[in-house]
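A.B. asks: Just so you know, the protein sequences line up as chains V, S and P, in that order. Quick note: the first sequence uses our numbering, first residue 3, plus one each step. Quick note: the second sequence uses our numbering, first residue 7, plus one each step. Quick note: the third sequence uses our numbering, first residue 2, plus one each step.
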Amino acid sequence: MEPVKDISGRAAPAPLPAGTGKKRAGQLVFHIATAGLAIILLYPVIWLIASSFKESASIFATSHSLIPDPLILSNYTEGWKGIAGQPFITFIKNSLIIVGLSTVGAVLSSAFIAYGFARIPFKGKAFWFSCMMVTMMLPHEVLMIPQYIIFAKLDWLNSFKPIVVPQFFGHAFFIFLMIQFIRTIPVELDEAAKIDGCSRLGIFFRIILPLIAPALATSAIFSFYWKWEELINPLLYLNKPELYPVSLALKLFLDTETASNWGAMFAMSVVSLVPVILVFFVFQKSIVQGISMSGLK
Amino acid sequence: MRRFVFFSFCVLLTLGLFGCSSNTEEAAGADGKKKVTLRIAWWGGQPRHDYTSKIIELYEKEHPHVKIEAEFANWDDYWKKLAPMSAAGQLPDVIQMDMAYLSQYGKKGQLEDLTPYVKDGTINTESIDEKTIKGGKIGDQLYGFPLGVNVLSVITNDDMLKEAGVEIDDGSWTWTDFENLALEVEEKTGQYGSNGMHPPDVFFPYYLRTKGERFYKEDGTGLAYSDDKLFVDYFKRQVKLVDEKASPTPDESAQVKGMEDDFIVKGRTAATWNYSNQFSAFAQLTDAPLSLKLPPEQTKEKALFLRPSMLFSIPKSSEQKKEAAAFIDFFINNEKANALIKGERGVPVSSKIAETVKKELSEEEKKIFEYVERASESAGEAEPPEPIGSAEVIKLLKDTSDQILFKKITPEEGAAKFRKEADAILKRNQQ
Amino acid sequence: MAGYAFISPFIIGFLCFTVIPMGASLFLSFTSYDLFTPPKWVGLDNYKAMLTDDEKYWGSLKVTFYYVLAGVPLRLAFALFIAVILNRAEKGVGIYRTLFYLPSIIGGSVAVAIMWRNVFGNDGVINALLFFLGFDKKILWYQDPTSALWTLILLSVWQFGSSMLIFLAGLKNIPPMYQEAASVDGANRFQRFFLITLPLLSPIIFFNLVMQTISAFMTFTPAYIISKGEGGPLDGTLLYSLYLFQRAFNFFQMGYASAMAWVMLILIGLVTFILFKTSSLWVHYESKEG
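(1) Among 258/S, 262/S, 234/S, 265/S, whose alpha-carbon lies nearest the alpha-carbon of residue 418/S?
(2) Which of the three DSSP states is assigned to residue 269/S in this structure?
(3) Taking 8 Å as the threshold (beta carbon to beta carbon), is residue 141/V in contact with chain P?
(4) Please list, in chain order, the chain S residues whose beta carbon lies closer than 7 Å to that of residue 277/V.
(5) Note down, in chain order, each residue of its chain lying with its Cβ closer than 8 Å to the Cβ of residue 213/S, except the 5 sequence neighbours on either side.
(6) Could you say which of 245/P, 273/P, 152/P lies nearest to residue 228/P if we only look at CA atoms?
(7) Please state whether DSSP places residue 144/S in a helix, a strand or coil.
(8) For residue 155/V, count the other beta carbons within 10 Å of its own beta carbon; 16 or more makes it buried, fewer makes it exposed. Which is it?
(9) Would residue 48/S be called buried (16 or more neighbouring beta carbons within 10 Å of its own) or exposed?
(10) Who are the near neighbours of residue 72/P in its chain, counting only those whose CB is closer than 7 Å to its CB and skipping five residues on each side?
(11) Near residue 181/V, what residues of its chain come up, given a Cβ to Cβ distance below 6 Å and the 5 sequence neighbours on each side ignored?
(12) Can you name the start and end residues of the alpha helix (DSSP H) that residue 58/P belongs to?
(13) On the CB-based measure, 16 or more other CB atoms within 10 Å of its CB, does residue 262/P come out buried or exposed?
(14) So, under 8 Å CB-CB, residue 225/V and residue 108/V are touching, yes? Tell me the CB distance rounded to an integer number of Å.
(15) Can you pull the chain P residues whose beta carbon is under 9 Å from the beta carbon of residue 255/S, in chain order?
(16) Is residue 371/S close to chain V? Criterion is C-beta to C-beta, closer than 8 Å.
(17) 8 Å is my cut-off, CB to CB: does residue 82/S come that close to chain P?
(18) Residues in the same chain with beta-carbon distance under 8 Å from residue 287/S, minus the five sequence neighbours each way, listed in chain order, please.
(19) Please confirm if the stretch 369-385 of chain S is in contact with the stretch 395-413 of chain S, defined as three or more CB-CB distances below 8 Å between the two stretches.
(20) Any idea what DSSP makes of residue 229/P, helix, strand or coil?
(21) CA-CA distance, residue 81/V and residue 270/V?
(22) According to DSSP, is residue 264/S part of a helix, a strand, or is it coil?
(23) What does the Cβ neighbour count give for residue 189/P, buried or exposed, with the cut at 16 atoms within 10 Å?
(24) Should residue 49/V be labelled buried (16 or more other beta-carbon atoms within 10 Å of its own) or exposed?
(25) Within 10 angstroms of the Cβ of residue 53/P, are there 16 or more other Cβ atoms? Answer buried if so, exposed if not.
(26) Which residue marks the beginning of the alpha helix (DSSP H) containing residue 39/S, and which one marks its end?
(27) Closest to residue 94/S by CA distance: which of 39/P, 43/P, 105/P, 118/P is it?
(28) With a threshold of 8 Å between beta carbons, is residue 326/S in contact with chain V?
(29) So, for residue 54/V: in the same chain, excluding its five sequence neighbours on each side, which residues have a beta-carbon less than 6 Å away from its beta-carbon?
(30) Name the DSSP bridge partner or partners of residue 91/S?
(31) Residues of chain P with CB closer than 9 Å to the CB of residue 158/V, please, in chain order.
(32) Contact criterion: CB-CB distance below 8 Å. Does residue 291/S meet it with respect to chain V?
(33) From which residue to which residue does the beta strand (DSSP E) around residue 156/S run?
(34) Starting from the Cα of residue 147/V, find the closest Cα among 21/P, 269/P, 170/P and give me that residue.
(35) When DSSP builds the beta bridges, which residues end up paired with residue 151/V?
(36) Can you give me the start and stop residues for the beta strand (DSSP E) that residue 281/S sits inside?
Pasting the structure below:
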């Protein structure tokens, strides 16, 4: 595997040569300390996983012990059966559709828009750029009701549309990130393509987009896991349980007036973490590469 | 190549999105009546979702021209959803309603008056007590039809009581008796004697009733009780119990995550104050023998009352009001449906149904029915639905109670502060 | 003109989905609106009441500022620390990165809140750890408003993953050439870190600082779930957004809540502006990039 190169072509620091005594000791210390810290930090997560194998009624009674006794798998099988006639797989499917569409929409549209801001001079650019930044500073609660009414008038209620469609119009965080990134690409490349007869759109697709692939990956990760956990929009816009995504479905397992099914909820929470973790692990290398290339200098 | 796969994936997903949208137009149904779609919404936990869905299936089978879309969530989320729906005129045809919100939704013109449907028999009220129906009225508008009743109760762990050597004669015990009992339990067993009577907005008004007073004025313009000593006495008692470790501190109570974590379930209190319908959940979660006792001093002033546990309402914006009312009637009066409900939403309002259902109940569930029957013998007039602004007043009372129990202010200071701010809130909301 | 073509999706989305609701919320802030009946104009009454007659408002403002001032630096410091540690090409460092990022991914779900309350419970693991380390008094985390707020702050610090990632990327961007040159000149590790790494990293520290501050001011979900929507004990965890939510949806006072939102917007804008202005004092941009 090629060592990671940054934009100026210099190689990243090479791995420490193994075998030199002091260095080996250093490595060992590193691993022990880091692993130790990781375990401490992850205790709550481990607790969550352990609880998912305990019987609901005893989860809190035995909360100090990480060892389930008896160890049961029924939380998983029960939780998988779902709730109110919807198998859990339905919720996962819904989440995948919502998150998949949102991510694709957000990432592509943000790249498109970022190109406009980064590369093309036009009157009023600063104004629209500030507007974009402001959208990140608005508390969502007050926009909720007017937005809901707008979507009601469009007759989009009880569907995925209000959750997904706005994603196709850009997301400020990603736009900003990609603008930074595009700025690191030498303008000469653009100009060379123009001389070769490429239109602006062509430059976008053929030159810019491939070169900002790491930033695209970064945005995709963030979008994926933000949308995966999102509660408020699905809550407002999805009435039929068969449309619920995982985040909402998990709340159905809990109720303040009767015995909540903690075991099933924890079990399904663990299950729902798996896609997010997978996505992260697969992309984490490109992320580090991606943000470093955005030249946030 | 990868990008191509990516894009075709998007296309497929997009098709998936549009395929998941809502309904289509339909022709007349199998029984010749025009096809109708009803949206029905309720809050609850998993068991409730499950059996209610079965009832819906039952209804659809018996009424083939009706298709029902169920919408449900837990308590918190339910009200969060309802508010925007209301603002946009998109409320479901049948909404489960609670006494705490009935005024807000009803007085602000969101709910339909159900009286016509009672009068013309769509909702059959033959075996339903007038007093119970009145629970859903504001003025003479019936904004919601009660689905069940529950009553305030003191649920006791009888083993613990025996261990402490105390007995309760719940027909005649007084507040002092209660206090002494709690202290005895603490002394003899080291556990709490009472759970702290949470939340204060339920039990303080009850205390007022036992003294012949009321919490809110009839017209909702302010607090009814004028003597702050009542407030002070009530909270002084709470403080004393906490100080003597006969009641838990507020942060301990706040850490209770759910029913299975509750003090009575874990054997840490001898008595807990709750509505009667919560008895069955507690009984399921613990092996200790539990029983329902009438709260102290309820006879003299007829302080107890049958409270609608929840109601079904029809929004003014519904286009299928008659069909919605028919569903409500089914829910209340149909035997097969209630065989599934088994009183989970409170003791059925129809005495006929209550009789039938009672036969199929477990011992523990029967206790609730019997308790409610006992209570109704000495029950007084139900509290009217809460006035507008009550949500703020409730929060104020909770906050004041916390401050007192955390020793930040004295009960006397709390009484004055509460009165001043509560009156201000209620007045503000009159405009 | 081509510029507008490219940013047109943003403009359309902005106009349809944001501007109208923004305008509506600004309008609503001057009204009394209970969601059911049409809004009633009240002029500046909401703002006046908020600033002069509402104890809880100032309380929530104080709590929120405390949360931001304590939480953001802690979180960034921790994230930077871990990023520096993980900035090596050791075997398995990818796994460590994933592990440290895990708390972030778990996010604000109900499971997290329950688990967090449990960990900080009177008999929870944190107290057990403190006991193990020699403290002999149990901290009743949820009995005191300040310590309850600290559980929220620690939750945010625990979820430092995204900041860590960005720092990692920034560190990788620093040419090793500088470090090597300094080493040759006799600088030790600490000197290298403070005199070379930090200044070169400052633009990224700045980015993280601004982003984290903005999102810290708007924190809602953890406070809501952990305090069960109450903001307790004694309003110790009543963050601004939570109070806003209570006003809007528990008390049906949408107009008042809208006024609160606009004040928050102005506040965040101000803070961001100050951060930008003072950045020239400590942020070091490499001159070669424009």
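Just so it is clear, CB atoms sit at the ideal spot from N, CA and C, and this is done for glycine as well. On a predicted model such as this, the values are computed, not experimentally measured, just so you know.
C.D. replies: Put simply:
(1) 234/S
(2) coil
(3) yes
(4) Going along chain S, no residue has its Cβ under 7 Å from residue 277/V, so there is no contact; the nearest lies around 15 Å.
(5) 181, 236, 240
(6) 152/P
(7) strand
(8) exposed
(9) buried
(10) 154, 157, 158, 217
(11) 116, 119, 120
(12) 56-86
(13) buried
(14) 5 Å
(15) 141, 144
(16) no
(17) yes
(18) 265
(19) no
(20) coil
(21) 6 Å
(22) coil
(23) exposed
(24) buried
(25) exposed
(26) Taken as a continuous stretch (DSSP letters only), residue 39/S belongs to no alpha helix (DSSP H), as it is neither H nor E.
(27) 39/P
(28) no
(29) 77, 268, 269, 272
(30) DSSP output for residue 91/S lists no bridge partner at all.
(31) Within 9 Å Cβ-Cβ: nothing; residue 158/V doesn't reach chain P, min ~11 Å.
(32) yes
(33) 151-156
(34) 21/P
(35) None, per the DSSP bridge assignment.
(36) 277-281
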